Every structure is written in structure tokens, then in C-alpha cells.
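Asks: Below is one structure. I have some questions about it.
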Amino acid sequence: MQRSNGSLTIHAGRLLDGTGAPAATGVVVRIEGSRIVSVGPASEAAPADGHVLDFSNATLLPGLIDCHTHTNMPGDGRRGEDVHLVDDDSIRLLRSAHNVGRALETGVTTVCDCGGWNQTTFRLKDGLEQGIVHGSRVLASGRPITVSGGHCWFMGSEADGVDGVRHAARLLIKEGADFLKVMATGGSTLGSDPFRPQFSPEELTTIALEGHRRDRKVVAHCRSNEAMRMVVDAEYDAIMHGWFTDQHGARVFDEHLAADIAERGICVNPTLQITRSRIPILQARVDAGTATEEETTMLDRMRRGHATTLEQIGKLIEHGVQLMAGSDCGWGVYPFGRFDLELAAMVDAGLTPAGAVASATGGNAKALGIDDTVGTVAPGKEADLLIVDGNPDERISDVARVLAVLKAGRVVVNNAA
Numbered sequence: 468m469q470r471s472n473g474s475l476t477i478h479a480g481r482l483l484d485g486t487g488a489p490a491a492t493g494v495v496v497r498i499e500g501s502r503i504v505s506v507g508p509a510s511e512a513a514p515a516d517g518h519v520l521d522f523s524n525a526t527l528l529p530g531l532i533d534c535h536t537h538t539n540m541p542g543d544g545r546r547g548e549d550v551h552l553v554d555d556d557s558i559r560l561l562r563s564a565h566n567v568g569r570a571l572e573t574g575v576t577t578v579c580d581c582g583g584w585n586q587t588t589f590r591l592k593d594g595l596e597q598g599i600v601h602g603s604r605v606l607a608s609g610r611p612i613t614v615s616g617g618h619c620w621f622m623g624s625e626a627d628g629v630d631g632v633r634h635a636a637r638l639l640i641k642e643g644a645d646f647l648k649v650m651a652t653g654g655s656t657l658g659s660d661p662f663r664p665q666f667s668p669e670e671l672t673t674i675a676l677e678g679h680r681r682d683r684k685v686v687a688h689c690r691s692n693e694a695m696r697m698v699v700d701a702e703y704d705a706i707m708h709g710w711f712t713d714q715h716g717a718r719v720f721d722e723h724l725a726a727d728i729a730e731r732g733i734c735v736n737p738t739l740q741i742t743r744s745r746i747p748i749l750q751a752r753v754d755a756g757t758a759t760e761e762e763t764t765m766l767d768r769m770r771r772g773h774a775t776t777l778e779q780i781g782k783l784i785e786h787g788v789q790l791m792a793g794s795d796c797g798w799g800v801y802p803f804g805r806f807d808l809e810l811a812a813m814v815d816a817g818l819t820p821a822g823a824v825a826s827a828t829g830g831n832a833k834a835l836g837i838d839d840t841v842g843t844v845a846p847g848k849e850a851d852l853l854i855v856d857g858n859p860d861e862r863i864s865d866v867a868r869v870l871a872v873l874k875a876g877r878v879v880v881n882n883a884a
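Per the working numbering, residue 468 is the first one in the sequence shown, and the count goes up by one each step.
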């Protein structure tokens, strides 16, 4: 459903404005065109012009922002190599269009695509801007910068040496990258090493300098202490995953590194749900008596690994590190449409439900440099809004009880109609 974005007044029982402030009650939000023009108490509101939506028994909050997605990917367990071999760019682009539509339906009004094939995610943005595609707003890094044969090499931006990475960064910015994504360590790609740096300090610094001189945020996929130290020294804006491991994969939390991350204001996106997404699948096989010995061992290892990850992220929270809410959906066994599971995992790590909501709204907007447009419910901001049944600042699961979604002042979902 799409209602014209003319004059619209929304009565909300509760408001979470995205700043982390306590919920306000009995609020009226007025919208003209695509933007919010006023927010205030219902008791002081003038008679409404235009269309009125009554959500007096619901909570209104900014549209959610997922800072880490892969729209080209299916989230059905297939590896990146499989998608590379089986699908072409036309299928990947169609999948991206489907995925951003699904995200919007569940209240995620902005997604960051942190790595897709060739120029597919740039074409996705074109389709959204031209109204061909219906879905969330998209910030796209395009192809992640990786070394030859490194993590996600198949997406198309292998680069080596200072001159090579400089060229890769400049080319991506020329093509339309909103930010730069760098594979500072290997990952799930066969042949890459997730626990060792892929680039030299000079290469990492060169990419950061190129991004920053063109006013682009620069983020790094990191799954080792050594690589995180290099990224911190190179003054990156955010660390994705942020696993504290030594070069052999042992989980070793570095207090000094955590303190430096906090002191320098570098954000961390912990991608917690994806580390436990296979656990229920394996548990079901164990319960049914169909699990192999290898799967049973894997289940135990995953449970222990996820518990360690929650503990480490909890320590980052204690150090005062700003967490960015980002799901990594599309990758692994994590389809689009369940961002709420990532927020629940952040609460499990130590954030309050209100803190998780703030992270996924105003916090992410500020970290991504889009807080002048979205992320909070305030006059002048784009009317990207989510209305839910319940109190997500008290029970984070309520964020999935979607009643309505607005993007740029248009009602795109109204489950209460």
C-alpha cells in the first residue's frame, strides 16, 4: 500500500524519538510532503488538516537503519562462491530488489549494503531513485576492497599494494560508493584466513585517506586483534564483526585495544545474530536424532563461540564503545526481514532494549553521517517512521509487531487498516 505524501497527522500513544530519550506519551506528529514539520503533545495540537492516522495505543519510532546487509545474497545458507558460480548480475539485482522490499515491510527504512557484485548495488540505488524498485533507502559500498584471492574476491575489487588500493578506492567513489568497505582480514571465503590481516598498514591507511578526502566513511571487516589494531591506527570509522582473536583463532580479549577503540570514537558492528543463526537448525537435527557426529560437535562449538562473542561485546559496552546495529543479513542463514533478531542479540550482549532501539535509529544515522536526514523523529527530518504494537524500549521483541511503516511521508505498510 502507498498513500500520497501530502498532509498527514499521526496520533501516537508513545514516541521513541531515536535520541535515546525516554518515551514521550500522547504525541502528535505532523508531516507535509516527505518531511516532518512538527512533533508535540496531543493536548497542544491544532486541528489536523489532511489525512489522520490514529495510533493512540501504539509506539511510534524512527524507521530502523540496518548498517550491515548484503542485498545480492539469499540468506539461505549458500556461500558467496555458490552465488558467484550459479547466478549472474541480473539475478543478483532482482534478488536485491526483493530483499530491500522485504526489509521495508518490516520497518527497516534504510539499509547499508556492505558488499555486492560489480555495480549491482549502484544499479539498485538507481532503481529506487527512479521508482522502479520499492524498498528501503540504500547506502552502498559497492564491491568490498580485498586482496587478490581474499575474502569476497569474486565481487570484483581485488587490489594489491598502495597504488592498487588507491585506484580501487577512487574507482568505487567514481562509480557512486556512499562509503568504502575493506576486508581487513579474511572471512568465510575459501582460501582466506579470517584471523590474519589481508593488507599492510600502509595499504589500510591509503584506503582510509582516499575515502576521507572524499567525505566517505570507511569501514573494515575485522576478525582478529592484529587487524583491528591496524584499522584503529589507520583511523577507520567503524569495525564490522569485531572479533577479538589471535592469529590461531583463539578468542583473546584485548583490554587496551578496546579502550583505544572507545577513546577514538570508532564504532563496532558486532553482527551477533548471524553467529548463532545455525544453532537452532543443528539443534533440531540433534533433537530429531538425525545429526551426524560432526554436526553435534559443531553445535557445541557454535554455542561456546557465541557465548564468548556475547561476553566480548559486553566488555566493549562497558568500555563505552558505540555499537552499530547491523545484521549481516543475506549472508549465511540470515534472510532479510528479521532485523529484530539482531537487536535481541544486542540486548543479550548487555544493551538495554531502549539502547538497542537508539542504536538502530539515531545512533546508526549519526555513525553513517545521515543524521541530518533520518534517524530521529524531529521537524525537518524525512518522515521515515515505524509504528509498532507494544513497547520496544521495554521488550525489544515488540519492534517486530509492525502496525505501519512510512518512507518519505508515504504510508507503505498499514497492518491496522
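Where a beta carbon is used, it is the ideal one built from N, C-alpha and C, also for glycine.
If you're wondering where the values come from, they're calculated on a predicted model, not measured in any experiment.
Determine the closest residue to Asn736 out of Ile503, Arg502, Asp795, with distance taken between C-alpha atoms.
Replies: When only C-alpha atoms are compared, the closest one is Asp795.
Asks: Could you pull the DSSP bridge partners for Ile503 from this structure?
Replies: Paired residue(s): Ile498.
Asks: Give me the Cα-Cα distance between Asp555 and His565, rounded to the nearest whole angstrom.
Replies: Approximately 16 Å between the Cα atoms of the pair.
Asks: Tell me whether Asp580 sits in a helix, a strand or coil according to DSSP, three-state version.
Replies: Residue state, collapsed to three classes: strand.
Asks: Count the other CB atoms within 10 Å of the CB of Asp580; is the residue buried (16 or more) or exposed (fewer)?
Replies: Looking at its Cβ environment, which holds 16 or more other Cβ atoms inside 10 Å, Asp580 is buried.
Asks: Report the partner residues of Asp533 according to the DSSP bridge assignment.
Replies: Note: Asp533 sits in a beta bridge opposite Val578.
Asks: Would you check if the distance between the CB atom of Leu475 and the CB atom of His518 is smaller than 8 Å?
Replies: Result yes, Cβ atoms of Leu475 and His518 sit closer than 8 Å.
Asks: Reducing DSSP to helix, strand and coil, say where Pro661 ends up.
Replies: Pro661: coil per DSSP, three-state reduction.
Asks: How many angstroms separate the CA atom of Trp620 from the CA atom of Ala651?
Replies: C-alpha separation (whole angstroms): 13 Å.
Asks: Tell me whether Leu591, by its Cβ, gets closer than 7 Å to a heavy atom of the ligand MN.
Replies: As for the ligand MN, it is missing from this structure, which has no ligand bound.
Asks: Is it buried or exposed for His715, if we count other Cβ within 10 angstroms and need 16 for buried?
Replies: That one is exposed.
Asks: Consult DSSP for Asp521 and reduce its assignment to one of helix, strand or coil.
Replies: Strand.
Asks: Compare the C-alpha of Leu531 against each of Gly598, Thr843, Gly583 and name the closest.
Replies: That would be Thr843, whose Cα lies nearest to the Cα of Leu531.
Asks: Any idea what DSSP makes of Val788, helix, strand or coil?
Replies: Reduced to three states, the DSSP call for Val788 is coil.
Asks: Does the beta-carbon distance from Ala821 to Asp860 come in below 8 Å?
Replies: Yes.
Asks: Note the first and the last residue of the continuous alpha helix (DSSP H) segment covering Lys833.
Replies: Start and end: 831-835.
Asks: Would you tell me roughly how many angstroms separate the C-alpha atoms of Gly507 and Leu639, rounded to the nearest one?
Replies: Near 43 Å, if we compare the C-alpha coordinates of Leu639 and Gly507.
Asks: Take the Cβ of Pro597 as the centre, count every other Cβ of all protein chains shown within 10 Å, and call the residue buried at 16 or more, exposed below.
Replies: What sits at residue 597 in the sequence shown is Gln, not Pro. Result: exposed.
Asks: Am I right that Ala827 and Ala792 are in contact with their C-beta atoms under 8 Å? What's the rounded C-beta distance?
Replies: Confirmed, Cβ separation roughly 4 Å.
Asks: If you follow the beta strand (DSSP E) that Thr587 is part of, which residue opens it and which one closes it?
Replies: Unbroken run through Thr587 is the alpha helix (DSSP H), 587-596; no beta strand (DSSP E).
Asks: Are at least three pairs of beta-carbons, each pair with one atom in the stretch 488-508 and one in the stretch 870-881, less than 8 Å apart?
Replies: These segments touch.
Asks: If you follow the beta strand (DSSP E) that Arg681 is in, where does it begin and where does it stop?
Replies: Premise fails: Arg681 is in no beta strand (DSSP E) and is neither H nor E.
Asks: Taking the C-alpha atoms as reference points, what is the distance between Phe711 and Arg690?
Replies: Going by the C-alpha atoms only, they are around 7 Å apart.
Asks: Glu625 bridges to which residues according to DSSP?
Replies: For Glu625, which the question treats as bridged, DSSP gives the partners Thr613.
Asks: Start and end of the beta strand (DSSP E) containing Val698?
Replies: Element bounds for Val698: not the beta strand (DSSP E) but the alpha helix (DSSP H), 692-700.
Asks: Measuring CB to CB, does Ala825 end up less than 8 Å from Ile863?
Replies: Result no, Cβ atoms of Ala825 and Ile863 do not sit closer than 8 Å.
Asks: For Glu702, which option in Glu677, Val719, Phe720, Asp721 has the closest C-alpha, if you only look at C-alpha atoms?
Replies: It is Glu677.
Asks: Look up Thr759 in the DSSP assignment and give the residues it is bridged to.
Replies: DSSP lists no partner for Thr759.
Asks: Residues in its own chain within less than 7 Å of Val814 by CB, not counting five upstream and five downstream?
Replies: Hits under 7 Å: Pro820, Ala823, Ile863.
Asks: Counting along the chain, where does the beta strand (DSSP E) carrying Met707 start and finish?
Replies: From DSSP, the beta strand (DSSP E) with Met707 extends over 705-708.
Asks: Is the beta carbon of Thr742 less than 8 Å from the beta carbon of Gly772?
Replies: In this structure, Gly772 lies closer than 8 Å to Thr742 by Cβ.
Asks: Since Ile474 is in the beta strand (DSSP E), which residue starts that stretch and which ends it?
Replies: It is worth fixing the name first, because residue 474 is Ser in this sequence and not Ile. Taken as a continuous stretch (DSSP letters only), the beta strand (DSSP E) holding Ser474 covers 474-482.
Asks: Give the DSSP bridge partners of His773, in chain order.
Replies: Answer by DSSP bridge pairing: none, since His773 is not bridged.
Asks: Can you tell me whether Arg683 is buried or exposed, with buried defined as 16 or more other CB within 10 angstroms of its CB?
Replies: It counts as buried.
Asks: Just grab the DSSP bridge partners of His688 for me.
Replies: DSSP, once it has assigned bridges, lists Met650, Met707 as partnering His688.
Asks: Assuming the contact rule is C-beta atoms closer than 8 Å, Thr840 and Lys848 should be a hit. Round their C-beta distance to whole Å, please.
Replies: Right, their Cβ atoms sit about 7 Å apart.
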